[in-house]
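All remarks here apply to the structure that follows.
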Amino acid sequence: MEKIISSIKSMYAVSDASIASLTSKMTELHLPKKHILIKSGVVDKNYYFIEKGLTRSYCIIDGEEATTWFSKEGELAFSMLSCYENKPGFEYVDLLEDSIIYAIPVHKLNLLYETNIEIANWSRIAHQKAFLDLELRHIALATQSAKERYDTFTQEKSDLFKRVKLGYIASFLGVTQVTLSRLRAKQHFLT
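For the sequence shown, this note's numbering assigns the number 2 to the initial residue and increments by one for each residue that follows.
So, in structure tokens, the structure goes:
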């Protein structure tokens, strides 16, 4: 659970005792590549902490998968609609690699928020970061060119090129796979 704990402590100074309170409520899951962690249309009231592996969030639009997010080691995956509103989510989350994931039910985490200020503050900061990332992504999709989105992705998530199918990355960037190939070719030509 080293990567999860390191990620938590990098966001907020959470004591070992508070970490122990949090991790004692988690269930360790060893899941294979291609496992669907969260299903669209289902209420999934768990937060999933990724120790090892990589997830892809996506929606199905007109029969096509539209990639909305990637989560890797030290990060979280969950359905906002399910966890916040107790409603079925729109997204699927599947595993792109064999994974070790720790799950905690939302009701157990909510109890910790009420009794442990360190966990509550860490979670507040984690959610603020997630909402900021989402806002920046929405603004980028609305205002940036394909090249600008590609450049940002290569600066911030370059490690994913070795771990994720190019079609998924193209979908995440809002471009076709042909456009992504052209952008990559231009980048390699310039370097």
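Built from N, CA and C at the ideal position, the CB exists for glycine as well.
Cross-strand partners of leucine 96 (DSSP beta bridge): Thr56
Does the distance from the CB of alanine 171 to the CB of leucine 161 come in under 7 Å? no
Let me know if asparagine 47 comes out buried or exposed under the rule of 16 or more other beta-carbons within 10 Å of its beta-carbon. buried
Segments of 4+ residues assigned as alpha helix (DSSP H) that fall wholly inside the stretch 101-139: 107-116
Where isoleucine 39 and alanine 14 are concerned, what is the direct C-alpha to C-alpha distance, given to the nearest angstrom? 30 Å
Validate contact between the stretch 115-123 and the stretch 15-30 using beta carbons, cut 8 Å, 3 pairs: yes
Start-to-end residues for the alpha helix (DSSP H) that takes in lysine 10: 3-12
Cα separation between glutamate 29 and isoleucine 51? 10 Å
With H, G and I counted as helix, E and B as strand and the rest as coil, what does DSSP make of lysine 187? helix
Expressed to the nearest angstrom, what Euclidean distance is found between the alpha-carbon atoms of lysine 34 and alanine 104? 17 Å
Among Gln188, Phe173, Met27 and Arg185, which residue has its Cα nearest to the Cα of phenylalanine 71? Phe173
Cβ-Cβ distance between tyrosine 169 and threonine 56 below 7 Å: no
Distance, serine 11 Cα to serine 159 Cα: 21 Å
So for serine 197, helix, strand or coil by DSSP? In the structure as shown, the chain begins at 2 and stops at 192. Residue 197 is therefore absent and cannot be evaluated.
Could you give the distance in angstroms between the alpha-carbon of isoleucine 61 and the alpha-carbon of glutamate 92? 8 Å
Note the first and the last residue of the continuous alpha helix (DSSP H) segment covering threonine 153. 147-158
Applying the criterion that 16 or more other CB atoms from any shown protein chain within 10 Å of the CB defines a buried residue, is isoleucine 102 buried or exposed? buried
Let me know if alanine 143 comes out buried or exposed under the rule of 16 or more other beta-carbons within 10 Å of its beta-carbon. exposed
My assumption, with CB atoms under 8 Å, is that serine 80 sits in contact with glycine 90. Please give the rounded CB distance. 3 Å
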